[in-house]
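Presented below is the structure to which this report refers.
There are 2 protein chains.
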Amino acid sequence: MNLVQHGAVYNMLSLGIASMLFTSIFLWFARDRVLPKFRMAVMVSATVTSIAAYHYFRMFDSFNEAYGNGATEVQGFEGYNVGYRYVDWFLTVPLLLVELVAVMGLARAIQSSLLKRLVPAAAAMIVLGYPGDMKMNVFFEGDASIWGLLSTIPFLYILWVLFVEIGKSLAGQSAKVQGLLKGARLLLIATWGVYPITFILAMNDTGAPSFDAVVSREIGYSIADILAKCVFGLIIFTIARVKSAEESKEFAASEYKS
Amino acid sequence: MNLVQHGAVYNMLSLGIASMLFTSIFLWFARDRVLPKFRMAVMVSATVTSIAAYHYFRMFDSFNEAYGNGATEVQGFEGYNVGYRYVDWFLTVPLLLVELVAVMGLARAIQSSLLKRLVPAAAAMIVLGYPGDMKMNVFFEGDASIWGLLSTIPFLYILWVLFVEIGKSLAGQSAKVQGLLKGARLLLIATWGVYPITFILAMNDTGAPSFDAVVSREIGYSIADILAKCVFGLIIFTIARVKSAEESKEFAASEYKS
Chain Z
15 MNLVQHGAVY
25 NMLSLGIASM
35 LFTSIFLWFA
45 RDRVLPKFRM
55 AVMVSATVTS
65 IAAYHYFRMF
75 DSFNEAYGNG
85 ATEVQGFEGY
95 NVGYRYVDWF
105 LTVPLLLVEL
115 VAVMGLARAI
125 QSSLLKRLVP
135 AAAAMIVLGY
145 PGDMKMNVFF
155 EGDASIWGLL
165 STIPFLYILW
175 VLFVEIGKSL
185 AGQSAKVQGL
195 LKGARLLLIA
205 TWGVYPITFI
215 LAMNDTGAPS
225 FDAVVSREIG
235 YSIADILAKC
245 VFGLIIFTIA
255 RVKSAEESKE
265 FAASEYKS
Chain F
15 MNLVQHGAVY
25 NMLSLGIASM
35 LFTSIFLWFA
45 RDRVLPKFRM
55 AVMVSATVTS
65 IAAYHYFRMF
75 DSFNEAYGNG
85 ATEVQGFEGY
95 NVGYRYVDWF
105 LTVPLLLVEL
115 VAVMGLARAI
125 QSSLLKRLVP
135 AAAAMIVLGY
145 PGDMKMNVFF
155 EGDASIWGLL
165 STIPFLYILW
175 VLFVEIGKSL
185 AGQSAKVQGL
195 LKGARLLLIA
205 TWGVYPITFI
215 LAMNDTGAPS
225 FDAVVSREIG
235 YSIADILAKC
245 VFGLIIFTIA
255 RVKSAEESKE
265 FAASEYKS
């Protein structure tokens with residue numbers, strides 16, 4: 015059974031590398047296939063998957079060092095480094111919101127106002143989640159899960175901005191773009207939901223995590239990451255294509271069969 | 015406790031790699047998103063973060079070699095190599111000033127005069143700081159901290175040029191660009207302040223540095239580096255975008271929603 019579990023995480027992390035790396039390369043080259051005003055959104059998407067590709071390479075190596083040779087317990091000092099995921103999220107989660115706002119092509123003042131609120135909230139959400147996952151009671155006596163609760167506050171704020179504030183700006187978009195934007199927003203929220211669920215499931219564990227816990231956490235996080243970064247980035251690219259064709263007849267004529 | 019400290023430096027150096035590497039890739043691709051006259055500034059910013067990415071890869075490996083396997087003391091010859099930081103700064107600190115001057119779009123004679131003074135002063139500041147940090151009394155008997163004092167002379171000269179000389183050129187810029195340039199200048203000075211503070215704090219240490227000293231130094235330097243190179247480079251890019259839109263209506267129309 016351990017061999018199967020080990021192989022599952024091993025192959026899932028490798029799937030993570032392949033998905034992130036080649037979505038990145040595709041998006042970097044594909045940025046020319048949209049109008050200039052939408053290229054920043056595509057480039058930010060490519061940056062997100064590039065950052066994640068780096069961290070999946072590191073996690074793959076860290077996993078093999080910690081659990082190689084059929085070991086089923088964390089080997090003390092050389093244990094699997096969960097820090098990579100948090101460093102990755104700290105950089106990429108704010109950028110995912112930048113992608114979403116950038117592709118909407120809003121007026122500069124509205125865009126700037128949205129980002130000034132979403133980016134710090136997203137960074138705070140990740141920073142506050144980390145001590146809870148690490149079981150570190152740095153400031154509070156008692157249960158470390160207080161950090162999970164604190165991290166929920168910026169999460170709810172982001173939800174509110176995405177649904178109420180950005181909801182207002184949807185009216186100006188075409189029906190097709192509205193559908194895609196709503197889909198992208200829903201995908202973001204659904205995949206982010208995986209993280210607190212995993213957090214709550216692991217809340218009562220004490221000491222070093224069991225092999226079973228590491229297996230389900232790593233597989234869950236990897237699937238959520240691929241959906242939230244690669245699939246999300248490709249939806250952002252599709253929105254940029256559709257909007258480019260809507261805004262320019264020349265673009266539509268040169269990019270599509272009439 | 016040592017595990018937490020080790021993890022903190024380990025993850026901070028990895029955050030350094032990720033920040034530097036993907037700011038670089040983003041800026042290399044993003045140079046097309048500004049007018050040709052501002053592309054040099056963006057490319058110099060990309061060069062700075064690229065050089066730093068290389069050194070963070072080296073420092074990450076050097077740290078793991080010196081402090082891997084739970085060792086808490088520098089292991090003789092294979093100790094953590096501080097030289098990487100100085101080689102990095104020797105190359106990147108003069109270039110940070112080149113970015114700042116280049117993005118201002120000054121007349122060629124003024125730009126050339128500023129760079130001829132700022133670049134050698136920045137290089138001298140780093141070269142003079144190194145023997146002090148290494149506790150090397152190469153020419154002076156007694157306290158090696160004399161080098162810290164000597165290094166302060168070019169630092170004060172740079173401050174004077176940035177605030178008095180460049181201050182004069184700010185008048186010709188729009189209010190928005192003035193605000194961004196002042197912010198960039200302040201960020202540069204504030205982050206450079208971290209280095210002498212760290213220097214003074216470590217001045218009374220003798221012999222090999224303690225693990226605690228290495229931990230706080232590495233975390234402080236890494237945060238200062240990410241702010242001074244990545245955040246600074248992205249502000250330079252933003253200034254280049256704003257100035258491009260101000261100077262060309264065509265650029266503004268193709269890049270932004272009107």
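These protein sequence lines are chains Z and F, in that order. Residues in the first sequence are numbered from 15 upward in steps of one, following our numbering. Residues in the second sequence are numbered from 15 upward in steps of one, following our numbering. Idealized CB from N, CA, C, for every residue including glycine.
At least 8 angstroms separates the CB of Z/T63 from every CB of chain F. Looking at the backbone, the Cα of Z/A185 and that of Z/Q192 are separated by about 8 angstroms.
Within chain Z, P50, R53, M54, M57 have C-beta atoms less than 9 angstroms from the C-beta of F/R47, given in sequence order. For F/S59, the closest alpha carbon among the candidates F/A267, F/L128, F/T252, F/E264 is that of F/T252.
Beta-carbon to beta-carbon, Z/R47 and Z/E269 are separated by about 7 angstroms, close enough to satisfy the 8 angstroms threshold.
Residue burial is scored here from C-beta neighbours: F/W161 has at least 16 other C-beta atoms within 10 angstroms and is therefore classed as buried.
Taking a C-beta distance under 8 angstroms as the contact criterion, Z/I167 and Z/L132 do not qualify as a contact pair.
Against chain Z, the beta carbon of F/L29 has neighbours under 7 angstroms at V101, listed in chain order.
The beta carbon of F/I233 sits no closer than 8 angstroms to any beta carbon of chain Z.
For the pair of segments examined, the segment 98 to 118 of chain F was found to touch the segment 59 to 75 of chain F: the number of CB pairs separated by less than 8 angstroms reaches three.
Judged by DSSP secondary structure, Z/K190 falls within the alpha helix (DSSP H) whose first and last residues are 189 to 206.
Contact of F/Y70 with chain Z is not assigned, every C-beta pair being separated by 8 angstroms or more. Around the beta carbon of F/P145, 16 or more other beta carbons sit within 10 angstroms, so the residue counts as buried. For the segment 114 to 130 of chain Z, the set of residues with a beta-carbon nearer than 8 angstroms to any beta-carbon of chain F comprises G119, L120, A121, R122, in chain order. With contacts defined as CB atoms closer than 8 angstroms, Z/I237 and Z/A198 fail to qualify as a contacting pair. Taking 4 residues as the shortest admissible run, the segment 102 to 180 of chain Z contains the following complete alpha helix (DSSP H) segments, listed from N- to C-terminal end: 122 to 147, 160 to 174. One finds K51, G119, L120, A121 in chain Z with Cβ atoms closer than 7 angstroms to the Cβ of F/K271, taken in chain order. What F/N25 touches in chain Z, judged by beta-carbon distance under 7 angstroms, is G97, V101, going in chain order. In this chain, Z/K271 is not harboured by any alpha helix (DSSP H), its DSSP state being neither H nor E. Taken through DSSP and simplified to helix, strand or coil, F/Y94 comes out as coil. Within its own chain, the residues whose Cβ lies closer than 6 angstroms to the Cβ of Z/V23, once the five positions on either side in sequence are excluded, are V229, E232, listed in chain order. Proximity of Z/L41 to chain F, defined by a Cβ-Cβ separation below 8 angstroms, is not satisfied. If you check the CB distance, Z/G143 and Z/S126 do not come in under 8 angstroms. With 16 or more other Cβ atoms from the protein chains shown falling within 10 Å of its own Cβ, F/A32 counts as buried.
In this chain, the alpha helix (DSSP H) harbouring F/S258 covers 246 to 261. One finds nothing in chain Z with a Cβ atom closer than 7 angstroms to the Cβ of F/F177; even the nearest lies about 28 angstroms away.
Note that the C-beta distance between Z/V245 and Z/L201 is below 8 angstroms. In this structure, Z/I124 places its C-beta atom within 8 angstroms of the C-beta atom of Z/S183. At least one CB atom of chain Z sits nearer than 8 angstroms to the CB of F/S268. Going by C-alpha positions, Z/T212 is about 8 angstroms away from Z/Y235.
Looking only at Z/L49, Z/A267, Z/I140, the smallest Cα-Cα distance to Z/R255 is reached by Z/L49. Of F/E261, F/A227, F/F265, F/I240, the smallest CA-CA separation from F/V96 is found for F/A227.
Annotated three-state conformation of F/G30 is helix, per DSSP. For F/L241, the closest alpha carbon among the candidates F/L29, F/V18, F/Q19, F/G21 is that of F/L29. For Z/L163, no CB of chain F lies under 8 angstroms from its own CB, so it is not counted at the interface with that chain. When only Cα atoms are considered, F/F169 and F/S76 end up about 29 angstroms apart.
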